[in-house]
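J.: Sequential numbering from 1 applies to the sequence shown in the working numbering.
A virtual CB, placed ideally from N, CA and C, is assigned to each residue, including glycine.
In this text, all values refer to a predicted model and were calculated from it rather than measured experimentally.
Could you have a look at this structure, given as structure tokens, before my questions?
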Amino acid sequence: MKLILSRKGFDSANGGCPSPILDERLCSLPIPDAGAPTTYAEISPFNGSPIAQIVEDLTHGLVKRSDGAHLDPDLRRGSIARAAGWRPIFGQAGAAQSHLANEGISPGDLFLFFGYFRRAEKVGDAFRFVRSAPRLHVIFGWLQVGCVARATSDLAAEKPWAAGHPHLAPRPIEYENNTLYFASDRISSIGVAASGAGTFDRIRPDLILTETGSSRSVWQLPRWFAPGGRPPLTYHGDLTRWTDCATSVRLQTVAKGQEFVLDVQQYPEARGWLRSIFSAGNS
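Spelled out as structure tokens, the structure:
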């Protein structure tokens, strides 16, 4: 089994700001995508508030409700109108997909999606970030791979319920190495009773990767994450990035990169860690 820590959602380069934490709930915002078939205005409200307004307010109008939204990973049935047969999907392409392919990502492997978050609030009729709130990397969702398929016109015809996904919809410039990961029905790889994909709606300490008081790219992880002669989390083979903190390990993460892969066969402690995350509550 492989564990993939997958960076997704709004950030400084895509959207220009963090995704918000509103009333302790994680609202991962899909990045802008002019070629996407879904607009922000078409996404269902978040906890009663229009996603379109949240996006416009937090970006000060730089991202508009009429802009395309790259709804990927697509984890929630209620996000938009669905055709019969829908199931959660994650799409990847280009160099990031080449990395996943080289690591042999296949059915049974588990994606944990994390993103850039900051607490926000509604003041009057507008949303804004809380001035003193830290900027954090937080785990917000998951998908266990049920099957992997190249994104082709034949696949779109075979699975019409998936045709609106941004990695299957027609685009002016097609993605290179375009691949889809379809969720399994249930998680089967770590011994928990949970759907094959979903979101962690409320922020909890065990979902926060960022070390308290540090920049968001400095993580505090369980001590067993330290390589110790084992193949490290991919892209983090420079051992100077890892600092032993007695009861945990500090990791200075790389500035770029979307998919970080860990071989759970080499790190069996990961299974207990994952079980604890899911047993603490999920939706």
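Do Asp-67 and Pro-30 have their CB atoms nearer than 8 Å?
T.: no
J.: Go ahead and label Ile-173 buried or exposed: buried means 16 or more other beta carbons lie within 10 angstroms of its beta carbon, across all protein chains shown.
T.: exposed
J.: At the level of alpha carbons, what is the spacing between Leu-58 and Arg-131?
T.: Going by the C-alpha atoms only, they are around 13 Å apart.
J.: Which of the three DSSP states is assigned to Gly-272 in this structure?
T.: helix
J.: Examine the Cβ distances between the region 36-54 and the region 152-161 and report whether three or more of them are shorter than 8 Å.
T.: Result no; under three Cβ-Cβ pairs closer than 8 Å.
J.: Less than 6 Å between C-beta atoms, sequence neighbours within five positions excluded: which residues of the same chain meet that for Ser-217?
T.: Thr-253
J.: Whole angstroms are fine: how far does the CA of Asp-206 sit from the CA of Arg-250?
T.: 15 Å
J.: Between the alpha carbons of Lys-159 and Leu-22, how many angstroms are there, rounded?
T.: 35 Å
J.: Determine whether the beta carbon atoms of Phe-200 and Leu-75 lie at a separation below 8 Å.
T.: Their beta carbons are not under 8 Å apart, which means Phe-200 does not touch Leu-75 by this criterion.
J.: The beta strand (DSSP E) spanning Gly-9 covers which residue range?
T.: That residue, Gly-9, is in no beta strand (DSSP E); it is neither H nor E in DSSP.
J.: For Arg-186, which residues of its own chain have a beta-carbon under 6 Å away from its beta-carbon, when the five flanking residues on both sides are left out?
T.: Gly-196
J.: Sorted by chain position, which residues of the same chain lie with C-beta nearer than 7 Å to Pro-231's C-beta, five sequence neighbours on each side aside?
T.: Asp-263 and Gln-266
J.: Ignoring anything shorter than 3 residues or poking outside the region 4-87, list the beta strand (DSSP E) runs there in chain order.
T.: 19-22
J.: Please report the distance separating the alpha-carbon of Pro-107 from that of Val-123.
T.: 45 Å
J.: Just list the beta strand (DSSP E) runs in the region 87-160, keeping only unbroken ones of 3 residues or longer that don't cross its boundaries, in chain order.
T.: Taken in chain order, the unbroken stretches of beta strand (DSSP E) that lie wholly in the region 87-160 and span 3 residues or more are 89-92, 110-123, 126-129 and 135-150.
J.: Ends of the beta strand (DSSP E) at Glu-211?
T.: Glu-211 -> no beta strand (DSSP E), and no H or E assigned at all.
J.: In this structure, does DSSP put Phe-200 in helix, strand or coil?
T.: coil
J.: Report the option in Ala-34, Asn-178, Ala-83 and Glu-42 whose CA atom is closest to the CA atom of His-99.
T.: Ranking Ala-34, Asn-178, Ala-83 and Glu-42 by Cα distance to His-99 puts Asn-178 first.
J.: Just to confirm before moving on: does the CB-CB distance between Val-138 and Leu-209 stay below 8 Å?
T.: yes
J.: Please classify Ser-12: is it buried, with 16 or more other beta-carbons within 10 angstroms of its beta-carbon, or exposed?
T.: exposed
J.: Based on the DSSP output, what are the partners of Ala-246 in its beta bridges?
T.: Beta-bridge pairing links Ala-246 to no other residue.
J.: Answer with buried or exposed for Leu-180, where buried requires no fewer than 16 other C-beta atoms within 10 angstroms of its C-beta.
T.: The residue is buried, with at least 16 neighbouring Cβ atoms inside 10 Å.
J.: Looking at the strands, I want to know which residues DSSP matches up with Trp-219.
T.: Note: Trp-219 sits in a beta bridge opposite Thr-210 and Leu-251.
J.: Looking at the secondary structure, which residues open and close the beta strand (DSSP E) in which Thr-179 lies?
T.: 179-183
J.: Quick check on DSSP: helix, strand or coil for Leu-168?
T.: coil
J.: Taking C-beta to C-beta, are Phe-278 and Ala-194 nearer than 8 Å?
T.: Note that the C-beta distance between Phe-278 and Ala-194 is below 8 Å.
J.: Can you tell me whether Cys-245 is buried or exposed, with buried defined as 16 or more other CB within 10 angstroms of its CB?
T.: exposed
J.: Work out the CA separation of Ser-79 and Thr-39 for me, nearest whole Å.
T.: A straight-line Cα-Cα distance of about 12 Å links Thr-39 and Ser-79.
J.: Within a Cβ cutoff of 6 Å, which residues of the same chain sit near Leu-112, ignoring the five residues on either side of it in sequence?
T.: Leu-5, Ile-139 and Trp-142
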